[in-house]
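Note sheet for the following structure.
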């Protein structure tokens, strides 16, 4: 019973007629005593509340309204930035990387679990509030490694069925540091098993849609029932395998041409003397399309999850095998046919031909694939720093932990940097020097290499929590893949925060000290000349940020130091996913002194601190409006004429975009003038800022892709690596060009166009005053 209820009860009895209730004097005295005790208690409680208010709130400050603790409306400590940046130590990062990349740590193996436990224990030791492991049982894929007669291999036979040539089973050891057990041989995860042969081998360039179209329009070659040879680069390897299957091929071999991985050709200085790929270097990798566990699409792979049969899952349908350019040179030497055009030629010292018929006594090519899919356990690891004011708001920092072999670049350079950032922040918390306003969660993902599995399963399990509470996801898959400049992918709400962070970080390039900061070097290296800012590219599906943006609608960024892409027109760093991606190449060639790793760590830490500590979340909604206008212009340039000629009213798209721009301008003015002494006003503004990205999520998903739900940002349907503006429309327009049912395709485009109009208008409504979100 409350004090108020007690007082009401006492007064009620005292007011009764004394003629009806006879009381003895002693009873009346006791009643009066109880009444005075209660009155004294109420008065004491009031004084206690006053003392508590003035005891915890310094009235000399004018930071808050009466009765509101200063801590709730306190801006971030400006001095903490310098303390964090100064403590990020390059020697520590080097030490972490050396340990992380010492042995192979493939997803689902004992080494994977060992690293997960070590990271959890590390986070506990450096002062994080919580650290724990979350496992998932998922479908992974492994090659045969015990029986050499069954291992993945390619053969060439003559007319008498005598073996003329066969590929190596493993990459040879080129440096003593590679001489370790449990090095998995080159393979493409989830390849269909099989033993297939063909008397014809066809070269298909990069294996893109446009390459098959070129063959159909300019040659008489049909790949149906044949084996195709494609070079790595330009698009995701899984799309190469899928296109080969869609065009009727019975198997595909993918190789790394020196034109893309050793740019001076066969005369290149290569690993272990330089960072270029040696002839034996082979790129492993998944060919799974989509993300997450293949057997539990859309739902988490928890203990009691319903799982599809493998025959029901969308797994690759034909055998696929990767090789290096030393191996590919032998195969290309057996290929006859017409010489290919200049833009199909690689950098090997031979004549590139379309193939078809075989020459030099060769009669058939054979692919033997024994890769098996297995249900295995993989592990996510989380480290948490609880927020002091808004513990229900999460700033997420993520990196995956699994690697195909040693993974010194992908992903362990990022893992090493994340360990150092977490050490610095954890130590500050442990020393009671700092605690962020919002919660920071460090995320170490498992089985990313197989198809973003760890992050996707976690999102599927906690999507409702994340949609309601998460602020942003900050990804560093690879910290350093070159020593030239920072590069960034990101969504518009984070543009300003990324720029602000990089302006505070010293340029690590001691050969170019005219550029004082990371921002200066970045702008000089990769400018967006139209905006007068460093270029931030759109996000595809190349790393763990993808499910956060396309499933949750969470602002995302991915940062790393990279090579000079203006000079080297290559799709990835040369040693990507090969056995030769070792600590040696990072330590001795790519980042001596680990200053670029340090710069990435400082940028990551400051970006996270700003998002977690600022009173008002540092999202700039006007940047979203600018990006939307750019996306519309790009769409019009690519498809505008065709769309307009088929009844699509582009003016409607410009009209809703202009209204969205107007709302962002008005909202930014409101943010700039908000009463920062009022915690409820601050919370309301932050809620609206968080809601904006979510507003571009369509629960129905994109046409034909129900798990890709962001109408502005998603990967291309024909290149999973690449981002696509208005991906649903871009997919529809791409399919119209070759569709036998063009009328139905146009109906899909028109419907999705209307969805986009509605979605932009809906997003604009989230920025209006909460009482006036519906226009009059």
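In full-length UniProt numbering, the protein residues as written are 1 to 776. Yeah, the Cβ is synthetic: ideal placement off N, Cα and C, and Gly gets one too.
{"Query": "Go ahead and pull the three-state DSSP assignment for residue 155.", "Result": "strand"}
{"Query": "Could you check which residue in 211, 746, 558 has the C-alpha nearest to that of residue 411?", "Result": "558"}
{"Query": "Buried or exposed for residue 132, please, with buried defined as at least 16 other CB atoms from any protein chain shown within 10 angstroms of its CB.", "Result": "exposed"}
{"Query": "Would you give the residue range spanned by the beta strand (DSSP E) that residue 470 belongs to?", "Result": "470-475"}
{"Query": "Under three-state DSSP, which class holds residue 286?", "Result": "strand"}
{"Query": "Can you look up residue 345 in the DSSP assignment and give me helix, strand or coil?", "Result": "coil"}
{"Query": "Between the C-alpha atoms of residue 157 and residue 631, what's the straight-line distance to the nearest angstrom?", "Result": "52 Å"}
{"Query": "Give the list of continuous beta strand (DSSP E) stretches no shorter than 3 residues that lie fully inside the stretch 100-181.", "Result": "130-142, 153-158, 163-166"}
{"Query": "How would you call residue 359, buried or exposed, if buried means at least 16 neighbouring beta carbons within 10 angstroms?", "Result": "exposed"}
{"Query": "Kindly list the residues whose CB is nearer than 6 Å to the CB of residue 134, restricted to its own chain and excluding five residues on each side of it in sequence; keep chain order.", "Result": "380"}
{"Query": "Mapping the DSSP letters down to three states, classify residue 228 as helix, strand or coil.", "Result": "strand"}
{"Query": "I'd like the list of long-range same chain contacts for residue 190, defined as Cβ closer than 7 Å, with 5 residues on each side in sequence excluded.", "Result": "141, 286, 287, 288, 315, 316, 373"}
{"Query": "Under a Cβ-count criterion, where at least 16 other Cβ atoms within 10 Å of its own Cβ denotes burial, should residue 349 be classed as buried or exposed?", "Result": "exposed"}
{"Query": "When you compare each of 268, 264, 232 to residue 256 by their alpha carbons, which one comes out closest?", "Result": "232"}
{"Query": "With H, G and I counted as helix, E and B as strand and the rest as coil, what does DSSP make of residue 266?", "Result": "helix"}
{"Query": "I need the straight-line Cα distance from residue 335 to residue 587, nearest angstrom please.", "Result": "41 Å"}
{"Query": "Check each candidate in 331, 354, 487, 612 and name the one with the smallest Cα separation from residue 473.", "Result": "612"}
{"Query": "Here's the rule I'm using: 16 or more other beta-carbon atoms within 10 Å means buried, otherwise exposed. How should residue 21 be labelled?", "Result": "Below a pLDDT of 50, predicted positions are generally treated as unreliable, and residue 21, at 30, falls in that range; the measurement from the model is reported next regardless. Burial call: exposed."}
{"Query": "Is the beta carbon of residue 477 less than 8 Å from the beta carbon of residue 400?", "Result": "yes"}
{"Query": "Using the Cβ count rule (16 or more neighbours within 10 Å means buried), how would you classify residue 754?", "Result": "exposed"}
{"Query": "Considering only C-alpha positions, which residue in the set 170, 176, 155 is nearest to residue 103?", "Result": "176"}
{"Query": "For residue 75, count the other beta carbons within 10 Å of its own beta carbon; 16 or more makes it buried, fewer makes it exposed. Which is it?", "Result": "exposed"}
{"Query": "Do you know offhand how far residue 615's Cα is from residue 709's?", "Result": "30 Å"}
{"Query": "How many Å lie between residue 173 and residue 179 at the Cα?", "Result": "6 Å"}
{"Query": "Would you call residue 758 buried or exposed, if buried means 16 or more other Cβ atoms sit within 10 Å of its Cβ?", "Result": "exposed"}
{"Query": "Roughly how many whole angstroms lie between the Cα atoms of residue 183 and residue 748?", "Result": "47 Å"}
{"Query": "Over the uninterrupted alpha helix (DSSP H) stretch that includes residue 81, give me the two end residues.", "Result": "80-87"}
{"Query": "Can you give me the Cβ contacts of residue 635 inside the same chain, cut-off strictly under 7 Å, excluding the 5 residues immediately before and after it?", "Result": "725, 726, 729"}
{"Query": "Any idea what DSSP makes of residue 558, helix, strand or coil?", "Result": "strand"}
{"Query": "What number of angstroms, rounded off, separates the C-alpha of residue 751 from the C-alpha of residue 716?", "Result": "19 Å"}
{"Query": "Can you have a look at residue 423 and say buried or exposed, based on whether 16 or more other CB atoms are within 10 angstroms of its CB?", "Result": "buried"}
{"Query": "Within 10 angstroms of its Cβ, does residue 770 collect 16 or more other Cβ (buried), or is it exposed?", "Result": "exposed"}
{"Query": "In whole angstroms, give me the CA-to-CA distance for residue 549 and residue 644.", "Result": "30 Å"}
{"Query": "Is it the case that the stretch 389-398 contacts the stretch 431-443, given that we only count it when at least three CB pairs across the two stretches are under 8 Å?", "Result": "yes"}
{"Query": "Under the three-state reduction of DSSP, which class applies to residue 528: helix, strand or coil?", "Result": "strand"}
{"Query": "Apart from the five residues just before and just after residue 515, which ones in its own chain have a Cβ nearer than 8 Å to its Cβ?", "Result": "507, 509, 521, 524"}
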